[in-house]
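Residue numbers (the working numbering): 5 to 439.
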Amino acid sequence: MAEEETEVTVDEDVPENFAALIASDLMVIFQKQMDLDTASAEAAAYIWKNTGTPGKVGYFIDATEMWLETPETGDKYAALSWLAIANQSANNEDYDTFLHMMINSIIKGYYNLEKPDIEYKGKKYSTYTSIVSNIFIRMLELNPTNGEIASNIFSIFIRNEMELSAKSTAEEKETGSSIIPTDMQDLYDDVISYISDRGIFKPSPMSGTEENPNEHIQNLCERLRSTRRFIMQEVINERALEKRKQLELDLKNQLASAEEIVMVAPQFTDGLSLFVQEKRYNFKYLSVEKVRMTLQLLGSITGAVYFLLGFMGYLGVHWVDGFVVCLVMLALVRILLSRKQLKLFYPTDISKELEESSTAFINVMRNMSQEQMEHFMVRQIKLEHNQKYLTMVPEYVKYLYAIMPDRKSMMISVDELSELVENSEIEVAKQLRGQ
Numbered sequence: 005m006a007e008e009e010t011e012v013t014v015d016e017d018v019p020e021n022f023a024a025l026i027a028s029d030l031m032v033i034f035q036k037q038m039d040l041d042t043a044s045a046e047a048a049a050y051i052w053k054n055t056g057t058p059g060k061v062g063y064f065i066d067a068t069e070m071w072l073e074t075p076e077t078g079d080k081y082a083a084l085s086w087l088a089i090a091n092q093s094a095n096n097e098d099y100d101t102f103l104h105m106m107i108n109s110i111i112k113g114y115y116n117l118e119k120p121d122i123e124y125k126g127k128k129y130s131t132y133t134s135i136v137s138n139i140f141i142r143m144l145e146l147n148p149t150n151g152e153i154a155s156n157i158f159s160i161f162i163r164n165e166m167e168l169s170a171k172s173t174a175e176e177k178e179t180g181s182s183i184i185p186t187d188m189q190d191l192y193d194d195v196i197s198y199i200s201d202r203g204i205f206k207p208s209p210m211s212g213t214e215e216n217p218n219e220h221i222q223n224l225c226e227r228l229r230s231t232r233r234f235i236m237q238e239v240i241n242e243r244a245l246e247k248r249k250q251l252e253l254d255l256k257n258q259l260a261s262a263e264e265i266v267m268v269a270p271q272f273t274d275g276l277s278l279f280v281q282e283k284r285y286n287f288k289y290l291s292v293e294k295v296r297m298t299l300q301l302l303g304s305i306t307g308a309v310y311f312l313l314g315f316m317g318y319l320g321v322h323w324v325d326g327f328v329v330c331l332v333m334l335a336l337v338r339i340l341l342s343r344k345q346l347k348l349f350y351p352t353d354i355s356k357e358l359e360e361s362s363t364a365f366i367n368v369m370r371n372m373s374q375e376q377m378e379h380f381m382v383r384q385i386k387l388e389h390n391q392k393y394l395t396m397v398p399e400y401v402k403y404l405y406a407i408m409p410d411r412k413s414m415m416i417s418v419d420e421l422s423e424l425v426e427n428s429e430i431e432v433a434k435q436l437r438g439q
């Protein structure tokens with residue numbers, strides 16, 4: 005597990021046997037107070053006052069470990085201390101902060117291998133796994149109703165560890181290195197495995213129907229399994245909901261705003277008229293070109309006829325006159341009937357203006373939803389300025405899609421665009437019938 009950005013430092017003036025002092029003082033508190041609720045409140049206040057910082061919370065965990073190492077006399081106080089913090093955290097924000105701080109410290113220590121492993125029934129477990137598991141078991145042994153508190157604490161373990169795992173996965177994608185080792189079992193899974201092993205009971209064949217002394221441990225294990233299933237599903241659902249909300253927010257931010265659509269409407273109108281003119285450009289150009297070529301051909305033929313008449317001496321035309329007339333006619337058709345001289349008759353090339361208007365609209369069109377496009381098209385079809393170009397509106401939309409760069413970035417799909425074009429054709433037909 006990688007080190008955190010802000011390194012937690014241990015508070016100064018902490019005696020070497022601080023964990024032992026904590027264990028001793030808390031034992032005195034629970035032994036001195038006859039009322040368990042009063043003792044719990046006093047113990048929680050002591051724990052928060054003396055170990056309520058990231059640098060000192062580890063000493064309380066060490067004190068817990070010391071109690072568990074002396075099960076004959078101390079493990080009860082480990083469970084009572086955790087119960088005190090858990091019970092008081094419901095009404096005190098400081099104690100709730102400490103509970104989460106302690107759990108995060110245990111998870112961090114588990115992945116950092118801060119304590120040596122232990123062996124139980126031929127399997128290796130983390131010391132942190134043993135601490136958490138044995139405290140849960142001892143809670144249940146003190147009072148069966150404490151199973152709910154153990155389940156609540158365990159749910160915090162699951163949530164915090166899943167959050168850490170998600171952060172680790174995200175960082176691994178960004179940097180290539182994870183916060184926590186990827187080959188380690190989750191702490192909450194390790195706890196269930198340990199408690200499951202603790203609950204195993206093999207009755208002696210000679211004893212007959214021997215009562216299972218570990219039944220409460222097995223029941224605890226099943227309860228924690230149910231908690232794990234419930235919390236994991238809840239976290240998955242929360243993440244799915246959060247992801248969906250984020251996608252909706254991103255989509256909303258990506259969608260074209262009403263102001264953008266209004267601002268770009270004139271570009272669509274201008275582009276439509278330019279598109280119609282551009283569609284007619286070739287026909288007009290060819291018509292003028294046919295007339296020009298015909299006149300050139302007639303002039304050339306006239307010059308050639310005069311040349312032949314002069315060359316052959318027909319109709320009194322001298323060959324010099326025929327030759328001069330031929331040269332004049334050829335010069336006239338080349339000069340007077342050139343494209344440059346007849347440019348006033350040619351249609352104006354508006355492809356540049358069409359491209360500018362179309363590009364301006366395309367930049368907004370790619371971010372428009374299907375609903376926005378439908379409303380926009382209906383308004384354009386009903387616009388008075390577009391009435392003489394109504395039949396070309398669907399064609400213009402197809403043209404815009406055809407020249408659009410990077411079409412995959414469009415908010416709407418090809419099928420939705422096809423449906424939009426079909427609907428616009430229907431609207432155009434309705435508008436024409438209305439006229």
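Cβ atoms here follow ideal geometry from the backbone N, Cα and C, with glycine treated the same way.
Where residue i falls, given that 16 or more other Cβ within 10 Å makes a residue buried
{"i": "residue 240", "result": "exposed"}
{"i": "residue 165", "result": "buried"}
{"i": "residue 150", "result": "buried"}
{"i": "residue 284", "result": "exposed"}
{"i": "residue 13", "result": "Interpretation of residue 13 is limited by its pLDDT of 42, a score under 50 that renders its predicted location unreliable; no figure is taken from the coordinates."}
{"i": "residue 30", "result": "buried"}
{"i": "residue 316", "result": "exposed"}
{"i": "residue 140", "result": "buried"}
{"i": "residue 204", "result": "exposed"}
{"i": "residue 376", "result": "buried"}
{"i": "residue 101", "result": "exposed"}
{"i": "residue 380", "result": "buried"}
{"i": "residue 159", "result": "buried"}
{"i": "residue 232", "result": "buried"}
{"i": "residue 17", "result": "exposed"}
{"i": "residue 324", "result": "exposed"}
{"i": "residue 418", "result": "exposed"}
{"i": "residue 202", "result": "buried"}
{"i": "residue 126", "result": "exposed"}
Top-ranked residue by Cα proximity to residue i, from the options
{"i": "residue 144", "options": "397, 170, 205 and 219", "result": "219"}
{"i": "residue 97", "options": "128, 52 and 430", "result": "52"}
{"i": "residue 336", "options": "306, 405 and 357", "result": "306"}
{"i": "residue 367", "options": "271, 223 and 66", "result": "271"}
{"i": "residue 303", "options": "406, 329, 423 and 280", "result": "329"}
{"i": "residue 301", "options": "333, 238 and 280", "result": "333"}
{"i": "residue 79", "options": "142, 60 and 48", "result": "142"}
{"i": "residue 264", "options": "372, 416, 61 and 55", "result": "372"}
{"i": "residue 428", "options": "405, 378 and 125", "result": "378"}
{"i": "residue 445", "options": "217, 193, 275 and 111", "result": "With the chain represented from 5 up to 439, any question about residue 445 goes unanswered, as that position is not in the structure."}
{"i": "residue 221", "options": "20, 402 and 138", "result": "138"}
{"i": "residue 109", "options": "56, 126, 81 and 82", "result": "56"}
{"i": "residue 432", "options": "413, 342, 417 and 393", "result": "393"}
{"i": "residue 49", "options": "115, 92 and 191", "result": "92"}
{"i": "residue 251", "options": "94, 132, 116 and 415", "result": "415"}
{"i": "residue 136", "options": "268, 396 and 72", "result": "72"}
{"i": "residue 437", "options": "408, 395 and 167", "result": "395"}
{"i": "residue 359", "options": "178, 275 and 248", "result": "275"}
{"i": "residue 198", "options": "134, 146 and 105", "result": "134"}
Assigned secondary structure, residue i (DSSP; H/G/I helix, E/B strand, else coil)
{"i": "residue 277", "result": "helix"}
{"i": "residue 184", "result": "coil"}
{"i": "residue 100", "result": "helix"}
{"i": "residue 242", "result": "helix"}
{"i": "residue 1", "result": "With the chain running from 5 to 439 in the structure shown, residue 1 is simply not present."}
{"i": "residue 8", "result": "Residue placement at residue 8 is poorly supported in this model, since its pLDDT is 38, which falls under 50; the coordinates are not used for a value here."}
{"i": "residue 216", "result": "coil"}
{"i": "residue 337", "result": "helix"}
{"i": "residue 438", "result": "helix"}
{"i": "residue 189", "result": "coil"}
{"i": "residue 78", "result": "coil"}
{"i": "residue 221", "result": "helix"}
{"i": "residue 56", "result": "coil"}
{"i": "residue 425", "result": "helix"}
{"i": "residue 36", "result": "helix"}
{"i": "residue 164", "result": "helix"}
{"i": "residue 409", "result": "coil"}
{"i": "residue 94", "result": "coil"}
{"i": "residue 23", "result": "helix"}
{"i": "residue 17", "result": "coil"}
{"i": "residue 142", "result": "helix"}
Which residues DSSP lists as bridging residue i, in chain order
{"i": "residue 121", "result": "130"}
- Task: Say whether the region 24 to 41 touches the region 80 to 93, bearing in mind that this needs 3 or more beta-carbon pairs closer than 8 Å, one atom from each stretch.
- Result: At 8 Å Cβ cutoff, the stretches touch.
- Item | Contact between the region 381 to 400 and the region 293 to 301 (3+ Cβ pairs under 8 Å) | By the Cβ criterion, the region 381 to 400 is not in contact with the region 293 to 301, since fewer than three pairs of Cβ atoms, one from each stretch, lie closer than 8 Å.
- Query: Given 8 Å as the limit, is there contact between the region 33 to 45 and the region 59 to 77, that is, 3 or more CB pairs closer than that?
  - Reply: As far as the Cβ criterion goes, the region 33 to 45 does not touch the region 59 to 77, which means the pair count is below three.
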